[in-house]
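So the structure is just underneath, and the comments pick up after that.
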Amino acid sequence: MAAKKTARKTAKKPAKKTAKKAAVKRGQSFLFPFLGEGEASYFEWGEILVCFVKPVPVRARAAVKRAIPAPFRGSVTWEGPLLYAGNGDQWINFHITQAYPGEGDDDDDDLDEEGFGDLRDISPSQAQSASFERDIESWLLQLNSEHQLAFVARREDGEAGGTKLGQWHRWSAEQFADRVLPFLEPFPGPADSTRAYANRVCMQLIESSAPHVFAALPARYRKRRG
């Protein structure tokens with residue numbers, strides 16, 4: 121009996137140690153704000169904005185582009201410290217299924233039944249969507265280790281039901297005034313510029329998910345959310 125009791129005590133210790141390590145990793149993963157993090161749903165378009173603390177040198181940009189998860193590699197543009205990456209067409213869900221072909225499930229409950237007669241009828245399985253989310257986070261963490269990130273923002277797709285925002289987003293929203301706003305400009309220039317688009321995406325995310333944070337922002341920023 122004594123031997124069994126000892127074995128049980130020994131078995132419990134590694135579990136506690138592992139739990140502590142996991143908690144530390146979760147805490148350290150928030151190295152930069154990621155607005156719009158969570159379980160995203162897409163209809164036609166998928167895109168992400170990455171703001172670096174310093175612009176990425178031109179000679180390093182090709183390597184950065186190659187590392188972008190495939191569904192977001194269709195349209196890549198640079199403007200100052202900002203990187204825009206998206207699918208570049210109307211078929212984001214098709215690109216997700218192509219990137220993770222071994223994880224498809226034709227019987228998945230989330231398959232689109234509306235019927236457009238084109239590639240919009242294709243929807244990724246839950247496993248494919250989850251893999252894409254994991255790859256986005258892994259890519260961003262690796263990218264931050266090579267070129268420090270100021271913040272990341274991913275627009276919610278209202279046509280697809282938006283994003284089930286996660287803990288990283290909620291933490292980012294509370295950090296917005298201190299860690300994101302300094303990299304935004306109240307008057308960023310032409311409405312079709314990447315800088316102006318980044319402003320709109322960030323402000324829309326904050327206004328909808330953290331209205332108390334949005335309400336405390338200077339009026340000159342709140343007026344340019346549209």
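Counting from 121, one number per residue, gives the positions in the sequence shown under our numbering. All C-beta atoms, glycine included, are put in the ideal place defined by N, C-alpha and C.
Cα separation between residue 158 and residue 241?
23 Å
Is the Cβ-Cβ distance between residue 195 and residue 213 less than 8 Å?
no
Distance, Cα to Cα, residue 210 vs residue 237?
13 Å
On a CA-only basis, which of 341, 324, 316 is nearest residue 203? Give me that one, please.
316
Does DSSP put residue 202 in a helix, a strand or coil?
strand
Less than 8 Å between the CB atoms is what I'm expecting for residue 276 and residue 333, so what's the real figure, rounded?
Not confirmed; about 16 Å, so no contact.
One question on the structure: do residue 169 and residue 273 come within less than 8 Å of each other, judged by their Cβ atoms?
yes
Taking a contact to mean a Cβ-Cβ separation below 8 Å, would you say residue 224 touches residue 248 in this structure?
yes
What are the boundary residues of the beta strand (DSSP E) that includes residue 160?
Per DSSP, residue 160 belongs to the beta strand (DSSP E) from 158 to 160.
Should residue 243 and residue 220 be called a contact, given that it needs their Cβ atoms to be closer than 8 Å?
Result no, Cβ atoms of residue 243 and residue 220 do not sit closer than 8 Å.
Quick one: grab the DSSP three-state call for residue 316.
helix
Confirm the yes/no value for this check: CB of residue 243, any heavy atom of the ligand GTP, distance under 7 Å.
This structure lacks the ligand GTP, and indeed carries no ligand of any kind.
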